[in-house]
Each structure stands twice: as C-alpha cells, then as structure tokens.
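J.:
Number of protein chains: 2
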Amino acid sequence: MAQNIYDDPAFFAGYSQLPRQVQGLAGAPEWPAIRAMLPALAGKHVLDLGCGFGWFARWARAEGATSVLGIDLSEKMIARAKADTADAAIEYRIADLEGLELPDASFDLAYSALAFHYIEDFGRLVRRVHRSLVPGALFVFTIEHPIYMAATHPHWWTDKDGRRTWPVNRYAEEGRRRTDWFTEGVLKYHRMIGTTLNTLIGAGFTVRHVEEFAPTADQIAENPSLAEELQRPMMLLVSAQR
Amino acid sequence: MAQNIYDDPAFFAGYSQLPRQVQGLAGAPEWPAIRAMLPALAGKHVLDLGCGFGWFARWARAEGATSVLGIDLSEKMIARAKADTADAAIEYRIADLEGLELPDASFDLAYSALAFHYIEDFGRLVRRVHRSLVPGALFVFTIEHPIYMAATHPHWWTDKDGRRTWPVNRYAEEGRRRTDWFTEGVLKYHRMIGTTLNTLIGAGFTVRHVEEFAPTADQIAENPSLAEELQRPMMLLVSAQR
Numbered sequence: 000m001a002q003n004i005y006d007d008p009a010f011f012a013g014y015s016q017l018p019r020q021v022q023g024l025a026g027a028p029e030w031p032a033i034r035a036m037l038p039a040l041a042g043k044h045v046l047d048l049g050c051g052f053g054w055f056a057r058w059a060r061a062e063g064a065t066s067v068l069g070i071d072l073s074e075k076m077i078a079r080a081k082a083d084t085a086d087a088a089i090e091y092r093i094a095d096l097e098g099l100e101l102p103d104a105s106f107d108l109a110y111s112a113l114a115f116h117y118i119e120d121f122g123r124l125v126r127r128v129h130r131s132l133v134p135g136a137l138f139v140f141t142i143e144h145p146i147y148m149a150a151t152h153p154h155w156w157t158d159k160d161g162r163r164t165w166p167v168n169r170y171a172e173e174g175r176r177r178t179d180w181f182t183e184g185v186l187k188y189h190r191m192i193g194t195t196l197n198t199l200i201g202a203g204f205t206v207r208h209v210e211e212f213a214p215t216a217d218q219i220a221e222n223p224s225l226a227e228e229l230q231r232p233m234m235l236l237v238s239a240q241r
Numbered sequence: 000m001a002q003n004i005y006d007d008p009a010f011f012a013g014y015s016q017l018p019r020q021v022q023g024l025a026g027a028p029e030w031p032a033i034r035a036m037l038p039a040l041a042g043k044h045v046l047d048l049g050c051g052f053g054w055f056a057r058w059a060r061a062e063g064a065t066s067v068l069g070i071d072l073s074e075k076m077i078a079r080a081k082a083d084t085a086d087a088a089i090e091y092r093i094a095d096l097e098g099l100e101l102p103d104a105s106f107d108l109a110y111s112a113l114a115f116h117y118i119e120d121f122g123r124l125v126r127r128v129h130r131s132l133v134p135g136a137l138f139v140f141t142i143e144h145p146i147y148m149a150a151t152h153p154h155w156w157t158d159k160d161g162r163r164t165w166p167v168n169r170y171a172e173e174g175r176r177r178t179d180w181f182t183e184g185v186l187k188y189h190r191m192i193g194t195t196l197n198t199l200i201g202a203g204f205t206v207r208h209v210e211e212f213a214p215t216a217d218q219i220a221e222n223p224s225l226a227e228e229l230q231r232p233m234m235l236l237v238s239a240q241r
C-alpha cells in the first residue's frame, strides 16, 4: 500500500496552501504544457488518477467530458473534492493506486498529475490503465523528473560562476527515496526516464510526446522565481496512446 | 558544417587510444546493451552514421549483413577504416552528417554511436534517416546523455556523504556546449531527452526502447571504475522504428 502522507495533518495543512491547490490548474506553471497534450474532451469518459481536490475533474466536465472518475488515496482530499463539486457526472472514489482495480475498456483518457512517483509498482499500474482504456485513447501524466528525485540530498547549490546547480547521484539506483516535504519521511520511488517509457511501451502504449517542463519567458517575467526551473527539470510530462 | 575535431592531430592521437578504439565494440561497456536492441542482421542493408574506424561495419558483416555504408566526417577515421577492412560489401564515405544526403528507402537498419551530439540540426538528420529506411526498419543510436552534457562545468564533485555527484544546470537551455576533451574547444549540442524523442516521433518514428546506460554488477566487478556511472548516466541509447 502506498504511503498516505496527504492525510497527515501537518502535510495536508501545508499542501493545501500551494498555489496549485488554492488557484487550481492555473496555479500550476506546467498546466499550459499539459493542456496542449490533451485531446478534445467533449463526449469523453475520463479517468483521473490522484485527483486531489478535483480541479481537473471539474475542468474536464467544463470542457464537455461526459463523465469523470477521480481516484485518490486521501480521505481528506476526496472529502474536499466532493464538497467543492456539484456534478452528478463526476464520481470520486477513495482507492490506492497500488493494487487499483478498474473496469476494462471504459475510458477515453487517463490523466494523472504528480502522483505516480509515489507508486512502487508502476508496471502493474500501467498495465491496468492500458486495459481500462479504449483503443486509441490517450494516457497523459506528469511525474517528478528523475533528475529532480535521484540524489540523496536534492538541494540547490551554487557553482563557481554563481549559477544555481542541481546535484545528481544514484541515478541508476532505482527505488525508494525518503525526503522531507511539509512533513518528514515522505516516500517516493525514483525511476529512470528509460524505465518509465519502456514500461509504457512494454504494456502496449505508443509514446506520443515527452516533455521536460521548462517555464516560458512570459511565465518567468510574471514570476521570476520560475527561472531556476531552467537549470534542471522538476517535472516530466508524458503522453502515450493505447 | 559540423566541427571536425577528429582530424585534429592532438585529438586523434588521444582518441585513438580509447579502449573502444583499440579493442573495438568489446571495449565499449554499453555495447551489450546496444546489441540487445539490434535486430538480426542477416540479409540486411545497414547504414552507420559516424562509423569511425569501421568496427561496427565489420561486425555487422560478420553477423550476415548484406551491405554496410559507413559515413564519417573524419578523413583520418575513414582512411583507417579502409585500411582495416577487406570487404567489398562495406563502403566508407567521407561526409558531414549536417546536410547529409542519402538514397530513399534503402536501408533496413540505421545505426549511430556517439555522433549525434555533435550535430546542430538533429531534426533535419532524423527526417533524412527516416526517408532512407524501408518501412519497419530500426534506427538505433547512442548519444551523450543530456544529464552529462547540460552543465557549464560538467565535472564530478563529492557530496557531504562522500558520494560522487554530478552537476546539472542549463538543462532547458538547449544548444551549443564547449568542452575540452583531448583538445580545447570541442563543440557539442545539448538537447533534452524530450526533444530527442519528440523529434523522432515528429518524423514518423515509433519509439521502441530508451535506455540510460548503467553498467551491470559483473561489469563493475571486472572494472571497478565503472561504478561511478551508476551515479549519473553518460549515454542515452534509443531504438525507434520507421
């Protein structure tokens, strides 16, 4: 079973104040890049793995999706999602993505934002998602980039030119990483990009797009702190097709 | 036109002494991983982009390839390849991969080892290779990994646990990198993994396998200096299919 940090009171209190939780999709700098990877949603049945407060589910319905199933491990996240949603075509369900069961050939899009790096058995999940999609359906997800996750001590330092620099070590040593984020001992699972992509290909997906998110010049002008994201990628965005 | 460092006397003298140039394919630790990505070669027409001394061309013929066309920018490399090869089914040609012309639908395999990071216009080259392949043919290549190439000062340092650590900065800033390797001012072109893969996909290729080379335990036991390659990937291995 995946660690449920999201129901830890200290974590939840901090996490709930992130811009992307307060402002929704517009608070996530990678959202325009993700949106460009999504298909038209009118008439589509959508699966959202790690749905959190339901921002994407509600957006998908506003874009014309016929139904959305949002799944999250966190009771607090699902309770808040339900409280914020008045839409009978959105179903929220508390479930662990490790060992998840899904109906076969039922969805036109599977989406997930920043959830799969908490999953130890990515291969099982990918095979299960593949079966749950109709032929031709897209699987679009974001994860923490392995450059961001690999090192034992993942913190900025300054090189001799004064440039913000990110450390990489243990890149080929896949598996558990323990970090502190709002609370101590948050567990994540590092996988190489090759492993992520080969797992998709091995499950029968065709890779459509791979993007290592970098902010645009306009985004940096509006929010100068984003400039450091040019130094190393924090997020990996992937689109694959059944 | 690509920089021709290989015909610089100092560079050539040093480069010629690398284990992979003295021992051939067996001197390259990534070779078993590459070989596992290659198709059976019997009866195949093979293109080798950046063929160097012709080690791969001769191996491909020994594996039963019908013909091999080896292309390299370096007159010295091609002269040595010709001197070391007695096989009318292998043709060596001096040409720049920037602006390369190739016959259409002529090859069953395009192969390249550690050459494309010297190429500025990767998109043009990929589109040209795609047209030169028959449908179903594989394009298997290795490049320096962008984690290895991105930083302004790409050198090991030691973290507070005594672990060899690699610096990453300027990852999203694609383009020219100037390094010193046997000679000063070697020019390479940094591209994100996403860019490399999306260029292939955009040209019509299907990505089949992506591997960030890491030595095996047996390889490290035999050559302990390889252990540091577990800390950060030096090479990216890609297989794509027309």
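Respectively, the protein sequence lines represent chains A and B.
Each residue of the first sequence is one higher than the one before, starting from 0 at the first, in numbering that gives the first Met the number 0.
Each residue of the second sequence is one higher than the one before, starting from 0 at the first, in numbering that gives the first Met the number 0.
Even glycine gets a Cβ: it sits at the ideal position worked out from N, Cα and C.
#1: Could you pull out every unbroken alpha helix (DSSP H) segment of at least 4 residues lying fully inside the stretch 20 to 68 of chain A, listed in chain order?
#2: Taking CB distances under 7 angstroms as the criterion, tell me whether G193/B reaches chain A.
#3: Between the alpha carbons of V167/A and T164/B, how many angstroms are there, rounded?
#4: Helix, strand or coil, according to DSSP, for F10/B in the structure here?
#5: Once DSSP output is grouped into helix, strand and coil, what is the label at Q240/A?
#6: Would you mind working out which of S224/B, E143/B, I219/B sits nearest A112/B, comparing C-alpha positions?
#7: Figure out for me which residue from V45/A, A239/A, A32/A has the closest Cα to the Cα of P102/A.
#8: DSSP state of K187/A, grouped into three classes?
#9: So, helix, strand or coil for H208/A, using DSSP?
#10: Quick check on L137/A: does DSSP put it in helix, strand or coil?
#11: Let's see if you can read the secondary structure: which residues bound the alpha helix (DSSP H) around P145/B?
#12: Indicate whether at least one CB of chain B lies closer than 7 angstroms to the CB of V206/A.
#13: When you compare the CB of R190/B with every CB in chain A, is at least one pair closer than 7 angstroms?
#14: Along the chain, where does the alpha helix (DSSP H) that runs through G201/A open and close?
#15: Grab me the residues of G174/A's own chain with a C-beta within less than 7 angstroms of its C-beta, minus the 5 sequence neighbours each way, in chain order.
#16: Under a CB-based cut-off of 7 angstroms, is A213/A close to chain B?
#17: From this set, G63/B, L124/B, A25/B, which residue's C-alpha is nearest C202/B's C-alpha?
#18: Report the option in E90/A, A82/A, A109/A, D71/A whose CA atom is closest to the CA atom of L96/A.
#19: So if I threshold CB-CB distances at 7 angstroms, which residues from the stretch 170 to 184 of chain A count as touching chain B?
#20: I4/A to T178/A, Cα distance in whole Å?
#21: So, with DSSP's three-state summary, where would you put I118/A?
#22: Does the distance from the C-beta atom of Q218/A to that of P28/A stay below 7 angstroms?
#23: What is the residue span of the beta strand (DSSP E) that R231/B lies within?
#24: Give the range of the alpha helix (DSSP H) segment to which E221/B is assigned.
#25: L108/B to P38/B, Cα distance in whole Å?
#26: If you draw a straight line from the alpha carbon of T195/B to that of M233/A, how long is it in whole angstroms?
#27: Exposed or buried, G51/A, counting other C-beta atoms within 10 Å across all chains shown (16 or more means buried)?
#28: Would you identify the three-state DSSP class for A94/A, choosing helix, strand or coil?
#29: Mapping DSSP to helix, strand and coil, what is Y170/A?
#30: Rounding to the nearest angstrom, what Cα-Cα distance links A25/B and T141/B in this structure?
#31: Taking only the alpha-carbon atoms, compute the straight-line gap between V185/A and A104/A and give it to the nearest angstrom.
#32: Relative to chain B, which residues along the stretch 54 to 85 of chain A have a C-beta separation below 8 angstroms, given in chain order?
#33: DSSP beta-bridge partners for T164/B?
#34: Taking only beta-carbon positions, decide if E29/B is within less than 7 angstroms of chain A.
#35: Below 7 angstroms on C-beta distance, what does H116/A contact in chain B?
#36: What whole-angstrom Cβ distance do I242/A and L236/A have, given they're in contact under 8 angstroms?
T.: On the basis of the coordinates in this document:
#1: 30 to 36, 54 to 61
#2: Taking the second sequence and counting its residues from 1, the one referred to as residue 193/B is at position 194. Judged by the 7 angstroms Cβ criterion, G193/B is in contact with chain A.
#3: As a position in the first sequence, residue 167/A is number 168, starting the count at 1. As a position in the second sequence, residue 164/B is number 165, starting the count at 1. Taking the Cα positions, V167/A is about 6 angstroms away from T164/B.
#4: As a first step, residue 10/B must be located in the second sequence, where it is residue number 11. F10/B falls in the helix class under three-state DSSP.
#5: Within the first sequence, the letter at position 241 stands for residue 240/A. Strand.
#6: As a first step, residue 112/B is located in the second sequence; it is residue number 113 there, counting from the start. Taking only the C-alpha atoms, the option nearest A112/B is E143/B.
#7: Mapped onto the first sequence, residue 102/A falls at position 103. Among V45/A, A239/A, A32/A, the Cα nearest to that of P102/A belongs to V45/A.
#8: Residue mapping note: residue 187/A aligns to position 188 of the first sequence, counting from 1. Three-state DSSP puts K187/A in a strand.
#9: Taking the first residue of the first sequence as 1, we reach residue 208/A at position 209. Strand.
#10: Within the first sequence, residue 137/A is the residue found at index 138, counting from 1. Looking at L137/A - three-state DSSP - the assignment turns out to be strand.
#11: Here the question's residue 145/B lines up with position 146 in the second sequence. Where P145/B is concerned, the enclosing alpha helix (DSSP H) stretches over 145 to 148.
#12: Residue numbering aside, residue 206/A sits at position 207 when the first sequence is read from its first letter. It does; some Cβ of chain B falls within 7 angstroms.
#13: Within the second sequence, the letter at position 191 stands for residue 190/B. R190/B does not count as touching chain A.
#14: On the first sequence, residue 201/A is found 202 positions in, with the first residue counted as 1. Element bounds for G201/A: 192 to 201.
#15: What you label residue 174/A is simply residue 175 of the first sequence in a count that begins at 1. So the qualifying residues of the chain are Y188, H189.
#16: Along the first sequence, one-based indexing puts residue 213/A at 214. Chain B, which has a Cβ nearer than 7 angstroms to the Cβ of A213/A, makes this yes.
#17: Reading the second sequence from its first residue, position 203 is the one you call residue 202/B. Correcting the residue type first, residue 202/B is Ala in the shown sequence and not Cys. Taking only the C-alpha atoms, the option nearest A202/B is L124/B.
#18: Counting from 1 along the first sequence, the entry for residue 96/A is found at position 97. For the residues E90/A, A82/A, A109/A, D71/A, the minimum Cα distance to L96/A belongs to D71/A.
#19: Listed by position, the residues of the stretch 170 to 184 of chain A near chain B (Cβ gap below 7 angstroms) are Y170, A171, E172.
#20: Start at 1 with the first residue of the first sequence, and residue 4/A comes out as number 5. Start at 1 with the first residue of the first sequence, and residue 178/A comes out as number 179. Spanning the two alpha carbons is a distance of roughly 12 angstroms.
#21: By 1-based counting over the first sequence, the position of residue 118/A is 119. I118/A: coil per DSSP, three-state reduction.
#22: As a position in the first sequence, residue 218/A is number 219, starting the count at 1. As a position in the first sequence, residue 28/A is number 29, starting the count at 1. It is a contact, given that the beta carbons lie within the stated cut-off.
#23: Residue mapping note: residue 231/B aligns to position 232 of the second sequence, counting from 1. Unbroken run through R231/B: none, as it is neither H nor E.
#24: Locating residue 221/B in the second sequence gives position 222, counting from the first residue. It spans 216 to 221 - the alpha helix (DSSP H) in which E221/B sits, taken as one unbroken run.
#25: Position 109 of the second sequence, counting from 1, holds the residue named residue 108/B. Position 39 of the second sequence, counting from 1, holds the residue named residue 38/B. Straight through space, the alpha carbons of P38/B and L108/B are spaced by roughly 8 angstroms.
#26: Taking the second sequence and counting its residues from 1, the one referred to as residue 195/B is at position 196. Taking the first sequence and counting its residues from 1, the one referred to as residue 233/A is at position 234. Approximately 18 angstroms between the Cα atoms of the pair.
#27: Here the question's residue 51/A lines up with position 52 in the first sequence. With 16 or more other Cβ atoms within 10 Å, it is buried.
#28: Mapped onto the first sequence, residue 94/A falls at position 95. Here A94/A sits in coil by DSSP.
#29: The residue you call residue 170/A lines up with position 171 of the first sequence. Correct three-state label for Y170/A: coil.
#30: For the purposes of this step, residue 25/B is identified with residue 26 of the second sequence, where counting begins at 1. For the purposes of this step, residue 141/B is identified with residue 142 of the second sequence, where counting begins at 1. Their backbone Cα atoms lie some 16 angstroms apart in a straight line.
#31: Counting from 1 along the first sequence, the entry for residue 185/A is found at position 186. Counting from 1 along the first sequence, the entry for residue 104/A is found at position 105. So the alpha carbons of these two residues sit roughly 34 angstroms apart.
#32: none
#33: For the purposes of this step, residue 164/B is identified with residue 165 of the second sequence, where counting begins at 1. DSSP output for T164/B lists W156/B as bridge partner(s).
#34: Within the second sequence, numbered from 1, the residue matching residue 29/B stands at position 30. Judged by the 7 angstroms Cβ criterion, E29/B is not in contact with chain A.
#35: Position 117 of the first sequence holds residue 116/A. Here the premise fails: no neighbours, minimum Cβ distance about 17 angstroms.
#36: The structure shown does not extend to residue 242/A, since chain A is modelled only from 0 through 241, so no value can be given for it.
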